[in-house]
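For the sequence shown, the numbering used here gives the first residue as 3, with consecutive numbering after it.
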Amino acid sequence: MIFDHDELATAVVFFGNDGLVAREMHYSEFEAILDNYVPTPEWSGKQARVVYLSIDNQLRIRSLVFFLIGFTRQGLIDPNWNLPLDKIAGSAMRGPDLGAGPIRLACASQCPIQYFKSMLWDPNLRAGSNQLGLLKKLVARNRLGIQFKDAPESELNAVKAAASAERMEKQISTELRSEYAKEFRDQMAQMLKDQRLRTATVANDGKRAISTLKLEHNHRIEEYRVIIEEKNRALADERERNQQLKDTIDGQAKKIEGLREYFEHKIEQAEGVGIENISALKDNFQLESEAKIEAATTELKDMLQMREMELLYRNEQESQLRDEITRLRKENQQLLSNSGEQLLNRLTEKGVSFVTYQPGAGHITIPLADTYSYMENPLAYSAAQCGVTESHYKAWLEHYQTPVCHHTDEQGSLCGENLPRIENPTDFHAGDEDRCESHKEIGGAQSLKLVSG
Ligand SMILES: [Zn+2]
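(1) In whole angstroms, give me the CA-to-CA distance for Gln-387 and Gln-344.
(2) Could you please give the first and the last residue of the uninterrupted beta strand (DSSP E) stretch that includes Asp-99?
(3) Short check: CB of Ile-90 to CB of Phe-118, under 8 Å?
(4) Which residues in the same chain as His-219 place their Cβ atom closer than 7 Å to its Cβ, once the five residues preceding and following it in sequence are excluded?
(5) With hydrogens ignored, establish whether the beta-carbon of His-441 is closer than 7 Å to any heavy atom of ligand 1.
(6) In three-state terms, what does DSSP make of Gly-446?
(7) Under the rule that 16 or more other beta-carbon atoms within 10 Å means buried, what is Tyr-39, buried or exposed?
(8) Please report how far the alpha carbon of Ala-142 lies from the alpha carbon of Leu-61, in whole angstroms.
(9) With respect to the beta strand (DSSP E) encompassing Glu-392, which residues constitute its N-terminal and C-terminal limits?
(10) So that I know if they touch, is there some Cβ in chain E lying closer than 8 Å to that of Lys-119?
(11) How would you write the range of the alpha helix (DSSP H) that Glu-33 sits in, first residue to last?
(12) In whole angstroms, what is the alpha-carbon distance linking Lys-48 and Leu-178?
(13) In three-state DSSP terms, what is Thr-12?
(14) Across the stretch 81-89 and the stretch 128-143, are there enough close Cβ pairs to call them in contact, namely three or more that are closer than 8 Å?
(15) Cutting at 6 Å between CB atoms, please list the residues of its own chain near Ser-440, excluding the five before and the five after it.
(16) Could you have a look at His-7 and say whether DSSP puts it in helix, strand or coil?
(17) Helix, strand or coil: how does DSSP classify His-408 here?
(18) Rounded to a whole number of angstroms, what is the C-alpha to C-alpha distance between Lys-138 and Leu-100?
(19) Specify whether the stretch 103-121 and the stretch 146-161 touch according to this definition: at least 3 beta carbon pairs, one from each stretch, less than 8 Å apart.
(20) Three or more C-beta pairs closer than 8 Å, one from the stretch 367-386 and one from the stretch 404-417: is that the case here?
(21) Could you tell me whether the Cβ atoms of Ala-464 and Gly-18 are closer together than 8 Å?
(22) Kindly examine ligand 1 and report whether one of its heavy atoms sits closer than 7 Å to the Cβ of Arg-437.
(23) Could you pull the DSSP bridge partners for Thr-358 from this structure?
(24) Quick one: what does DSSP say Glu-266 is sitting in, helix, strand or coil?
(25) For Gln-76, name the three-state secondary structure that DSSP assigns.
(26) I'd like the ranges of any alpha helix (DSSP H) spanning at least 4 consecutive residues and lying wholly in the stretch 93-165.
(27) For a test of your reading of the model: does the CB of Glu-412 fall under 7 Å from any non-hydrogen atom of ligand 1? Yes or no.
(28) Using a Cβ-Cβ cut-off of 7 Å (strictly less than) and excluding sequence neighbours within five positions of Met-305, which residues of its own chain qualify?
(29) Leu-55 and Leu-70 look like a contact to me (Cβ under 8 Å); what is the Cβ gap, rounded to whole Å?
(30) Going by C-alpha distance, which of His-7, Val-53, Pro-43 is nearest Gly-21?
(31) Would you mind sorting Arg-51 into buried or exposed? The rule is 16 or more other CB atoms within 10 Å of its CB.
(32) Can you tell me whether DSSP reads Gln-490 as helix, strand or coil?
(33) Check whether the Cβ of Glu-333 sits closer than 7 Å to any heavy atom of ligand 1, and report yes or no.
(34) Measure the alpha-carbon distance for Tyr-376 versus Gln-307 and round it to whole angstroms.
(35) Glu-400: beta carbon under 7 Å from a heavy atom of ligand 1?
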């Protein structure tokens, strides 16, 4: 395809999923696809990454638009797709230089019209797979056969003059450059020499510094070694002293243990002795108290025995005295009877007899032999003569002397009623003959009681 010399050629490049060029075409061909004259089944149902390029007559890229385009299942362009590519390219911002100064570049991250941003994509710029580089090479190869017409004569001359000027300039520049390069190389060599020298010096300095440092380091290590040795010695000394102290402590502990045992033993002994003492004291006390008690008991017993002896002696004495009394009395009686008997005998011999009057018994002649017993108890003698007991006789005698009722009431006053006198004691019954009619007691018990009373 032939373009005017001042015209920009336009082309479209499809990139595959691998990031490489899949297809390149003239823009007019792309327009045919856009108008659905040419179906593209290889893109059916996919979204393609496409680049719009404008190229100058020196086959250098001037502008790039990285845009996306969708295809239907039939391989036709998405009917909604509508991007004003030339307008975007015209208003695109400056990008990198691809040989003719900075190009105009429109992509997702550098879109002049924000509205279209989502329909653009960003090229891969990484080294090795730089898509801008790929595009530059592709355009230089010119497989599409892009051609430009020659410029008119005047323009051509101007171009030629410019070209010769340019050539001259280039030559001068080359010469200058070579000279400059030589000088630069010399200077560079000098600089390198200086640098090497400096490096050597620095290296030597470094070596010296290092050796100094090493020496210092060695000295220091030696110092530290000495210090460590000293410390070790001190530590060993300390350990030894520690051990000695430990031994001393152990010895003292043992000594203390021994002392403790000794004193414990002593205490036990003392306790034992104490107990023994106490038991001995107890025994002593018991023995002593027993002895005392025994002594006291013996004394008391002796005293008691003495008393008993005394008592026995007294009793004996008493009975002796009593016997003495009886004997004396008998003696006296005998004496009396002897003297009386003699007198009485003489009286009896002269015809005198003893007669007594006793109530109830009347006149009683007392034989010489009975005089003694009569004199002893005339009442008993009379009772015996009457044939009653002495007490009966006495009760009767009382009635005989005062023949009244002998009854006494609760207040103790005597009844005192006169009664007929009973002449014979044998006819008398106490509680009967000595009571009035109203106080007479019936039954022998009462009379007996009264008799006895
Ligand atoms: Zn009476």
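Quick reminder that beta carbons are idealized off the backbone N, C-alpha and C, glycines included.
Put simply:
(1) Locating residue 387 in the sequence shown gives position 385, counting from the first residue. Locating residue 344 in the sequence shown gives position 342, counting from the first residue. Cα to Cα, Gln-387 sits roughly 26 Å from Gln-344.
(2) The sequence position of residue 99 within the sequence shown is 97, counting from 1. 95-99 is the span of the beta strand (DSSP E), which, as asked, contains Asp-99.
(3) Taking the first residue of the sequence shown as position 1, residue 90 is located at position 88. Taking the first residue of the sequence shown as position 1, residue 118 is located at position 116. The answer is yes: Cβ separation under 8 Å.
(4) As a working note, residue 219 is residue 217 in the sequence shown. Taken in chain order, the list of residues that qualify is empty.
(5) Counted from its first residue, the sequence shown places residue 441 at position 439. Correct: His-441 has its Cβ closer than 7 Å to ligand 1.
(6) Counting from one through the sequence shown, the residue named residue 446 turns up at place 444. Any answer about Gly-446 is weak, because its pLDDT of 44 lies below 50 and its placement is not dependable; what the coordinates show is given next. If DSSP states are grouped into helix, strand and coil, Gly-446 belongs with the helices.
(7) Residue 39 sits at position 37 when you count from the first residue of the sequence shown. Burial call: exposed.
(8) On the sequence shown, residue 142 is found 140 positions in, with the first residue counted as 1. On the sequence shown, residue 61 is found 59 positions in, with the first residue counted as 1. Those two C-alpha atoms are separated by around 6 Å.
(9) For the purposes of this step, residue 392 is taken as the residue at position 390 of the sequence shown. Element bounds for Glu-392: not the beta strand (DSSP E) but the alpha helix (DSSP H), 392-403.
(10) The chain inventory of the structure shown lacks chain E, comprising one protein chain alone.
(11) Locating residue 33 in the sequence shown gives position 31, counting from the first residue. Element bounds for Glu-33: 29-36.
(12) Here the question's residue 48 lines up with position 46 in the sequence shown. Here the question's residue 178 lines up with position 176 in the sequence shown. Looking at the two C-alpha atoms, the distance is approximately 57 Å.
(13) Within the sequence shown, numbered from 1, the residue matching residue 12 stands at position 10. Three-state result, Thr-12: strand.
(14) no
(15) Here the question's residue 440 lines up with position 438 in the sequence shown. So no residue of the chain qualifies.
(16) Working through the sequence shown from its first residue, we reach residue 7 at position 5. The answer is coil: DSSP assigns His-7 none of H, G, I, E or B.
(17) Taking the first residue of the sequence shown as 1, we reach residue 408 at position 406. Note: His-408 maps to coil in three-state DSSP.
(18) The count along the sequence shown starts at 1 and reaches residue 138 at position 136. The count along the sequence shown starts at 1 and reaches residue 100 at position 98. Looking at the two C-alpha atoms, the distance is approximately 7 Å.
(19) no
(20) no
(21) Given that the chain is displayed from residue 3 to residue 455, the structure contains no residue 464 and the question cannot be resolved.
(22) Residue 437 sits at position 435 when you count from the first residue of the sequence shown. Arg-437 Cβ: within cutoff of ligand 1.
(23) Stepping through the sequence shown from its first residue, residue 358 is reached at position 356. Paired residues: Ile-366.
(24) Start at 1 with the first residue of the sequence shown, and residue 266 comes out as number 264. When DSSP states are grouped into helix, strand and coil, Glu-266 belongs to the helix group.
(25) As a first step, residue 76 must be located in the sequence shown, where it is residue number 74. Gln-76 falls in the coil class under three-state DSSP.
(26) 133-143
(27) Along the sequence shown, read from residue 1 onward, the residue named residue 412 stands at position 410. No, the beta carbon of Glu-412 sits no closer than 7 Å to any heavy atom of ligand 1.
(28) In the sequence shown, the residue the question calls residue 305 occupies position 303. No residues qualify anywhere along the chain.
(29) Your numbering for residue 55 matches position 53 in the sequence shown. Your numbering for residue 70 matches position 68 in the sequence shown. In fact, because the Cβ distance is near 16 Å, the residues do not count as touching under 8 Å.
(30) To locate residue 21, count along the sequence shown from 1; it is residue 19. Cα-wise, what sits closest to Gly-21 is Val-53.
(31) Here residue 51 is taken as the residue at index 49 of the sequence shown, counted from 1. Answer is buried; the Cβ neighbour count reaches 16.
(32) Residue 490 lies beyond the range of the chain shown here (3 to 455); nothing can be said about it.
(33) Counted from its first residue, the sequence shown places residue 333 at position 331. Incorrect: Glu-333 has no Cβ contact closer than 7 Å to ligand 1.
(34) Residue numbering aside, residue 376 sits at position 374 when the sequence shown is read from its first letter. Residue numbering aside, residue 307 sits at position 305 when the sequence shown is read from its first letter. Across the structure, Tyr-376 and Gln-307 are spaced so that their CA atoms are roughly 49 Å apart.
(35) Locating residue 400 in the sequence shown gives position 398, where the first residue counts as 1. For ligand 1, no non-hydrogen atom lies closer than 7 Å to the CB of Glu-400.
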